[in-house]
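Set out below in structure tokens:
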């Protein structure tokens, strides 16, 4: 005997998240905080090579270190290449 459904529609739950399958297998999506700038929100940026990444974001950080005598030193590191 055949099954019939009259007057009903199937409801599919929608998932608004972006599936990882949309990225080709030979591509890489890397997300990281590269500087101390406070921004309103993350914004995707396309960079074709590391040189463009360093020119755009100018990654840097500050840290406190100790000298050989044990004195605190504030250091500012600016990363320009890898």
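Residue numbers (our numbering): 55 to 136. Ideal placement from N, C-alpha and C gives every residue a C-beta, glycine not left out. Keep in mind the model is a prediction, meaning the values are calculated, not measured.
To which residues of the same chain is residue 134 closer than 8 angstroms at the C-beta, ignoring the five residues directly before and after it? What you label residue 134 is simply residue 80 of the chain shown in a count that begins at 1. Around residue 134: 108.
Can you tell me where the beta strand (DSSP E) holding residue 120 begins and where it ends? Numbered from 1 along the chain shown, position 66 holds the residue referred to as residue 120. Taken as a continuous stretch (DSSP letters only), the beta strand (DSSP E) holding residue 120 covers 114-120.
Could you say which of 91, 80, 81, 78 lies nearest to residue 112 if we only look at CA atoms? Locating residue 112 in the chain shown gives position 58, where the first residue counts as 1. The shortest Cα separation from residue 112 among 91, 80, 81, 78 belongs to 91.
On a Cα-Cα basis, can you pick out the residue from 124, 104, 129, 125 that is closest to residue 115? Taking the first residue of the chain shown as 1, we reach residue 115 at position 61. Comparing Cα positions, the closest option is 129.
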